[in-house]
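Novice: Residue numbers (UniProt numbering): 1 to 175.
No residue lacks a Cβ here, since even glycine has one placed at the ideal position from N, Cα and C.
Input: one structure, supplied below.
Written out as structure tokens, the structure is:
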């Protein structure tokens, strides 16, 4: 359930939820977002003379249909989605043709335990919060790339780093 204050992705672009509900004269359920890139916005939360929410920038917000909003995920979910996928890793589909990859068994075995990965790249994976507090430590990871995600509080970054005792490189850059 999406709620005010959540970090979300809309069409691959980061935003913060400022309103959830009905919009007068427009059927359906709507989400008012304040874009990370205020140039994407259309208004400051006023639509048809009614203020639904407030943005910092004059045109930093938009109303979008709820079905177009993707909620952020915690770090562990993003890692599992990226590295513990149950798809057949020995077949790669390129331009509608299947190509068998020879010698990929070792890659599959290495990635079967995500907590042993040395390098984790989660670019644009909608990471919005730390993993659950009960999560296992990533004791082997030395590089964590969180480029272009939905994190926005330094406290969440600090909480994430608690799970990476050997981290040497952290990428947090945003577009």
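Quick one: grab the DSSP three-state call for residue 116.
Specialist: helix
Novice: Quick one: using the 10 Å Cβ neighbour count with 16 as the cut-off for buried, is residue 120 buried or exposed?
Specialist: buried
Novice: Label residue 130 either buried or exposed according to how many other C-beta atoms from any shown protein chain fall within 10 Å of its C-beta, with 16 as the threshold for buried.
Specialist: buried
Novice: Rounded to whole angstroms, what's the CA-CA distance from residue 132 to residue 78? Just pull it up for me.
Specialist: 12 Å
Novice: Which of the three DSSP states is assigned to residue 57 in this structure?
Specialist: coil
Novice: Quick one: using the 10 Å Cβ neighbour count with 16 as the cut-off for buried, is residue 35 buried or exposed?
Specialist: buried
Novice: Leaving out five residues before and five after residue 118 in sequence, what residues of the same chain have Cβ atoms less than 8 Å from its Cβ?
Specialist: Hits under 8 Å: 140, 141, 142, 143.
Novice: My understanding is that residue 158 touches residue 122, with C-beta atoms under 8 Å, so please give their C-beta distance in whole angstroms.
Specialist: Not quite, the Cβ-Cβ distance comes to about 17 Å (not below 8 Å), so this is no contact.
Novice: Going straight from the alpha carbon of residue 13 to that of residue 20, what length do you get?
Specialist: 18 Å
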